[in-house]
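Engineer:
Residue numbers (my numbering): 648 to 913.
(1) How would you call residue 777, buried or exposed, if buried means at least 16 neighbouring beta carbons within 10 angstroms?
(2) Using a Cβ-Cβ cut-off of 6 Å (strictly less than) and excluding sequence neighbours within five positions of residue 746, which residues of its own chain qualify?
(3) Considering only residues of the segment 690 to 771, which uninterrupted alpha helix (DSSP H) runs meet the minimum length of 4 residues and lie entirely inside it, listed in chain order?
(4) Taking DSSP as the reference, what is the three-state secondary structure of residue 826?
(5) Do you know offhand how far residue 728's Cα is from residue 774's?
(6) Using alpha carbons as the reference points, say which of 784, 711, 700 lies closest to residue 750.
(7) With distances taken Cα to Cα, identify the nearest neighbour of residue 822 among 795, 844, 771, 696.
(8) Check the C-beta distance from residue 779 over to residue 702 and give it rounded, since I have them as a contact under 8 Å.
(9) Pull up the distance between the alpha-carbon of residue 834 and that of residue 734, whole angstroms please.
(10) DSSP on residue 877, reduced to helix/strand/coil?
(11) Starting from residue 902, trace the beta strand (DSSP E) both ways and give me its first and last residue.
(12) Hey, residue 826 and residue 771 are a contact pair by Cβ (cut 8 Å); roughly how many whole angstroms apart?
(13) For residue 737, which residues of its own chain have a beta-carbon under 6 Å away from its beta-carbon, when the five flanking residues on both sides are left out?
(14) Does DSSP put residue 893 in a helix, a strand or coil?
(15) Roughly how many whole angstroms lie between the Cα atoms of residue 815 and residue 904?
(16) Please work out which residues of its chain come closer than 8 Å, Cβ to Cβ, to residue 789, disregarding the five sequence neighbours upstream and downstream, and give them in chain order.
(17) Along the beta strand (DSSP E) that carries residue 803, what are the first and last residues, could you check?
(18) Residue 813 and residue 820: beta carbons closer than 8 Å?
(19) Closest to residue 858 by CA distance: which of 720, 798, 741, 898 is it?
(20) Give the secondary structure of residue 882 by DSSP, where H, G and I count as helix, E and B as strand, and everything else as coil.
(21) Less than 8 Å between the CB atoms is what I'm expecting for residue 909 and residue 850, so what's the real figure, rounded?
(22) Report the residue from 715, 723, 717, 875 whose alpha carbon sits nearest the alpha carbon of residue 709.
(23) Which term fits residue 894, buried or exposed, when burial requires 16 or more other beta carbons within 10 angstroms of its beta carbon?
(24) Could you work out which residue in 846, 896, 867 is closest to residue 878 when comparing CA atoms only?
(25) Exposed or buried, which one is residue 901 when buried takes at least 16 other CB atoms within 10 Å?
(26) Residue 788 lies in the beta strand (DSSP E); which residues open and close that run?
(27) Can you list, in chain order, the residues of its chain with a C-beta nearer than 7 Å to that of residue 798? Leave out the 5 residues immediately preceding and following it.
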């Protein structure tokens, strides 16, 4: 047998194995039904002044708001699952695990999927959380929109898919996102640095008119726009901007691969 024939036979065998594997996978794949099951979950915690609230989630919307109630962290979650029938959906929602860890200076809520294997249905956890306005907030989310309002503490977000919005920050922020628009509206800039990196999605930053900043912005495919800012420019092109505003101050570093960067003062 020639080398050509041997290689051809190997390719045919490989294709046959691939087809068999795909057929087995199709047989194992579960067709998700449209029946939805829900279960509510709620807890409260006490957080020491200057403490951190951390949330880890795989699928679901996250809304975090500043609370006027002293040192209380109020977490309300809706566990949602889909299956082929109502009983299975309710059971799947009930089995969604929310892990919690609380100390005086840190509260961690974790509903991220940590196991591997075939899923038996669609699942997500939607959160509405109220934290002291001064709390440091950390969010790690895979799929879902994130909305943070009125939190003056440092905000740290790491997300894969979904829109991110945050307003009211006074002590800086760090946002890393893969796919999704990022909108950050700062009440104050002087007390913390700002860092925002995205792969696919626009970045919109709003700062007070009296902010003092050192700005470094760059894009690979997109543009950089500034509005109502009298900048002292060090370097400027369509894809890069290095400048200071009001004499310099906090570091503002913005970077995206595909998208617009917009920086404006109000």
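Backbone N, C-alpha and C fix where the C-beta goes; we use that ideal spot for every residue, glycine too.
Structural biologist: With the structure as the only source:
(1) buried
(2) 757
(3) 733 to 742
(4) strand
(5) 15 Å
(6) 700
(7) 844
(8) In fact, because the Cβ distance is near 15 Å, the residues do not count as touching under 8 Å.
(9) 48 Å
(10) coil
(11) 897 to 912
(12) Actually they do not touch by this definition, with Cβ atoms about 17 Å apart.
(13) 684
(14) coil
(15) 26 Å
(16) 704, 705, 706, 759, 806, 807, 808
(17) 802 to 808
(18) yes
(19) 898
(20) strand
(21) 7 Å
(22) 723
(23) exposed
(24) 896
(25) buried
(26) 783 to 790
(27) 711, 713, 778, 780, 782, 784, 815, 816
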